[in-house]
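Peer 1: Residue numbers (this note's numbering), protein chains in the order written: chain L, 1152 to 1294; chain W, 1152 to 1294.
Please find one structure pasted underneath; my questions will follow.
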DNA sequence: ACCGATTTACTTGACATCATGAAATATTCA
DNA sequence: TGAATATTTCATGATGTCAAGTAAATCGGT
């Protein structure tokens, strides 16, 4: 509790707020260059790695499945994603990125300079320190 | 360019993504406890410090002024914010937090444990290192 | 092994919020 | 007077929730 209001902690909290804002600016800007919203880019990024059931997309996005229906609908209309039946369970629909979708996702990743370009200013040792501090902050103890 | 794809950089980028996600979860959870959306909590937080013209709220939020109208409308309906004329310019409306609004904003800040509680696990020296690394990453060179 | 009840996956519809852009109004400023 | 600024309104679309509906899988008792 001693850390609640000291200057150093507040500075770090504010810097993290700035990181969050910067991250979103970059992400939305990159998405907009492909006429995608942030949510659409996020889902396309997930599906470019592996097809996923609608349910699991909702879990990843921490939202209701009914919401995912609309997002995938819009991506499907644009030919970036397609729905396939799951041979193992006919209730399930697997959303999968099309070839065009995968290409768009790749371009999106390449355009996402955030934290990659800025990190270039840090040495390997510094990046290691940053990684370990972030891990501990997030409670992901190094195994 | 050597930093584009190395493992260490990608790890840090992913950790930052996790930080961003965690930040939003905490923020939205804290806001929801007061039946506020993220955007409403954000505006209330701004106004709890100082009254602001609608225009400046839009600049801070990086959105259109017409959007701010609705957000402030909802806060005003709930008695958390009020609109006042600006004596210096009759075109301008100043949005100001009411006493209730300031109290809600304070409770919101206190409930926002993100990065404050986790940072407790870091020593002063470590927090200083983290602060300086984040500053350099954000291009805010220490003056 | 069968069959009805429950659960699970997804979609649809109604609704609120957030976001943009264009047009309207009021006021300031050159 | 005419251009620029601050705000609002309106139309529209994306995102989010929740409740209800359909289809398919699974469970439990006989």
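Quick reminder that beta carbons are idealized off the backbone N, C-alpha and C, glycines included.
Note that the coordinates shown come from a computational prediction; the quantities given were computed from them, not determined experimentally.
#1: The beta strand (DSSP E) with residue 1240 of chain L in it runs from where to where?
#2: What residues in its chain sit with their C-beta under 6 angstroms from that of residue 1248 of chain W, if we drop five residues either side in the sequence?
#3: Per the contact definition of three or more C-beta pairs closer than 8 angstroms, is the segment 1267-1287 of chain W in contact with the segment 1201-1209 of chain W?
#4: Could you confirm whether any beta carbon from chain L is found closer than 8 angstroms to the beta carbon of residue 1162 of chain W?
#5: Please classify residue 1244 of chain L as buried or exposed, where buried requires at least 16 other C-beta atoms within 10 Å of its C-beta.
#6: Buried or exposed: residue 1252 of chain L, going by 16 or more other Cβ atoms within 10 Å of its Cβ?
#7: Within the same chain, show all residues whose beta-carbon is closer than 7 angstroms to that of residue 1180 of chain L, passing over the 5 residues directly before and after it, in chain order.
#8: In the DSSP assignment, the beta strand (DSSP E) including residue 1233 of chain W goes from what residue to what residue?
#9: Count the other C-beta atoms from every protein chain shown that fall within 10 angstroms of the C-beta of residue 1153 of chain L, then say buried if there are 16 or more, exposed otherwise.
#10: How far does the alpha helix (DSSP H) with residue 1213 of chain W in it reach, from first residue to last?
#11: Along chain W, which residues have their Cβ under 7 angstroms away from the Cβ of residue 1277 of chain L?
#12: Hey, does residue 1272 of chain W have any beta-carbon neighbour from chain L nearer than 8 angstroms?
#13: Give, in chain order, every residue of the segment 1165-1179 of chain L whose Cβ lies closer than 8 angstroms to some Cβ of chain W.
Peer 2: On the basis of the supplied data:
#1: For the purposes of this step, residue 1240 of chain L is identified with residue 89 of the first chain, where counting begins at 1. Residues 1240-1248.
#2: As a position in the second chain, residue 1248 of chain W is number 97, starting the count at 1. Excluding residues within five positions, the ones whose Cβ falls inside 6 angstroms are 1198, 1199 and 1232.
#3: Because the criterion of three Cβ pairs below 8 angstroms is not met, the segment 1201-1209 of chain W and the segment 1267-1287 of chain W do not touch.
#4: As a position in the second chain, residue 1162 of chain W is number 11, starting the count at 1. Taking Cβ atoms only, chain L reaches closer than 8 angstroms to residue 1162 of chain W, which makes this a yes.
#5: Within the first chain, residue 1244 of chain L is the residue found at index 93, counting from 1. So residue 1244 of chain L ends up on the buried side.
#6: Numbered from 1 along the first chain, position 101 holds the residue referred to as residue 1252 of chain L. With 16 or more other Cβ atoms within 10 Å, it is buried.
#7: For this step, residue 1180 of chain L is matched to residue 29 along the first chain. Cβ within range, chain order: n/a, list empty.
#8: If you number the second chain from 1, residue 1233 of chain W lands on position 82. That run of the beta strand (DSSP E) goes 1232-1237.
#9: Looking up residue 1153 of chain L in the first chain gives position 2. At residue 1153 of chain L, the pLDDT of 45 sits below 50, so the modelled position is not reliable and the matter cannot be decided from this model.
#10: Along the second chain, one-based indexing puts residue 1213 of chain W at 62. Neither: residue 1213 of chain W is in no alpha helix (DSSP H) and is coded neither H nor E.
#11: Reading the first chain from its first residue, position 126 is the one you call residue 1277 of chain L. One finds 1284 in chain W with Cβ atoms closer than 7 angstroms to the Cβ of residue 1277 of chain L, taken in chain order.
#12: As a working note, residue 1272 of chain W is residue 121 in the second chain. Cβ-Cβ to chain L under 8 angstroms: yes for residue 1272 of chain W.
#13: Taking a C-beta cut-off of 8 angstroms against chain W, the contacting residues of the segment 1165-1179 of chain L are 1166, 1167, 1168, 1169, 1170, 1171, 1173, 1174, 1175 and 1176, listed in chain order.
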